[in-house]
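The block underneath contains the structure these notes are about, expressed in structure tokens.
Residue numbers (this note's numbering): 227 to 493.
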């Protein structure tokens with residue numbers, strides 16, 4: 227028996243709040259300001275020997291600001307690769323990797339042959355889970371997709387964290403991660419989340435047909451396309467235990483939308 231559109235909407239509202247699987251977040255481990263020395267070789271103009279470089283994640287995009295290294299350098303967008311993070315803009319290429327917690331190995335290569343190398347450090351509370359919370363709070367502070375940050379970054383940075391705070395930091399970090407995943411300011415911890423549910427991908431395609439169909443009543447179109455979007459979004463944040471239910475919702479909504487497309491003669 228098919229589930230009605232209204233019932234499915236109620237199910238989505240519950241499943242979308244499911245917390246992601248508890249995994250260490252790469253982004254929380256990376257985010258922060260790193261200080262250290264740089265070495266310059268084969269460069270016509272050498273840059274700064276000591277730097278402080280911010281590595282930020284803004285609305286799902288990673289960037290590192292190189293403007294303090296020497297005049298003419300600027301912020302670069304980064305993507306994940308086999309090394310860690312990498313980026314290129316114009317004649318400047320950057321590769322970053324983390325040899326251990328709170329350390330950043332930086333390699334900058336210019337097309338001119340100039341090479342910059344350095345190992346930089348991020349301040350640590352000495353409590354790993356609290357560092358994780360602060361990392362998420364840095365991402366939270368840069369997120370423009372909500373009105374106010376969930377955590378007070380300045381307060382977290384000023385707190386003298388102790389080993390006894392570890393469990394509390396773990397809980398707060400998990401809640402903050404989940405919030406940022408839902409708002410689109412952080413990736414789902416499962417890297418296969420975007421491709422592991424073909425039923426929900428199929429639903430997106432059918433919803434696209436409805437949204438482009440000129441014969442569907444506008445009010446009906448708005449309701450069903452919005453519902454489809456909600457179900458697909460739920461698939462992006464559901465954990466492994468609730469994903470099968472969300473996938474069933476995708477199949478049910480897809481069947482409803484196909485029936486509507488057929489009734490209104492949508493191509």
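Virtual Cβ for every residue (Gly too), placed ideally from N, Cα, C.
Legend entry - Check whether residue 525 and residue 300 have beta carbons under 9 Å apart: The structure shown has nothing for residue 525, since the chain only spans 227 to 493.
Inset, instruction - Reducing DSSP to helix, strand and coil, say where residue 433 ends up. - result: helix
Inset, instruction - Given a cut-off of 9 Å, decide if residue 362 and residue 257 are closer than it, judged by their beta-carbon atoms. - result: yes
Inset, instruction - Report the rounded CA-to-CA distance for residue 250 versus residue 433, giving the unit in angstroms. - result: Because residue 250 sits at a pLDDT of 40, beneath the cut-off of 50, its placement in the model cannot be relied upon, and the following sentence gives the value as read from the coordinates. So the two alpha carbons sit approximately 34 Å from each other.
Inset, instruction - Go to residue 288, then tell me how far its beta strand (DSSP E) extends in each direction, as first and last residue. - result: 287-291
Inset, instruction - Spatial neighbours of residue 437 within its chain, please: CB distance less than 6 Å, with the 5 preceding and 5 following residues excluded, ordered by chain position. - result: 451
Legend entry - Exposed unless 16 or more other CB atoms sit within 10 angstroms - verdict on residue 247: With a pLDDT of 35 at residue 247, under the threshold of 50, the modelled position of this residue cannot be trusted; read the value that follows with caution. Classification for residue 247: exposed.
Inset, instruction - Check whether the Cβ atoms of residue 358 and residue 411 sit closer than 9 Å, and answer yes or no. - result: no
Inset, instruction - Enumerate in chain order the residues of its own chain whose CB-to-CB distance from residue 265 is below 6 Å, with the five nearest sequence positions on each side excluded. - result: 343
Inset, instruction - Under 8 Å by Cβ, that's how I've got residue 376 and residue 366 pegged, so tell me the actual separation to the nearest angstrom. - result: 5 Å
Inset, instruction - Have a look at 304, 341, 435 and flag the residue whose alpha-carbon is nearest the alpha-carbon of residue 323. - result: 304
Legend entry - residue 487 (DSSP reduced to helix, strand or coil): helix
Legend entry - Start-to-end residues for the alpha helix (DSSP H) that takes in residue 407: 392-409
Legend entry - Spatial distance of residue 280 from residue 404 (CA atoms): 24 Å
Inset, instruction - Can you have a look at residue 326 and say buried or exposed, based on whether 16 or more other CB atoms are within 10 angstroms of its CB? - result: exposed
Inset, instruction - Could you tell me the distance, in whole angstroms, from the CA atom of residue 401 to the CA atom of residue 441? - result: 43 Å
Legend entry - Cβ-based burial, residue 478 [other Cβ within 10 Å; buried from 16]: buried
Inset, instruction - Measure the C-alpha to C-alpha separation of residue 379 and residue 346 and round it to an integer number of angstroms. - result: 22 Å
Inset, instruction - Could you pull the start and end residues of the alpha helix (DSSP H) that residue 362 belongs to? - result: 354-368
Inset, instruction - Could you check which residue in 284, 285, 298 has the C-alpha nearest to that of residue 272? - result: 298
Legend entry - Contained beta strand (DSSP E) runs [length at least 3] in the stretch 264-329, N- to C-terminal order: 265-267, 276-284, 287-291, 301-306, 311-315, 318-323
Legend entry - Cβ-Cβ distance between residue 439 and residue 458 below 9 Å: no
Inset, instruction - Note down, in chain order, each residue of its chain lying with its Cβ closer than 6 Å to the Cβ of residue 337, except the 5 sequence neighbours on either side. - result: 317
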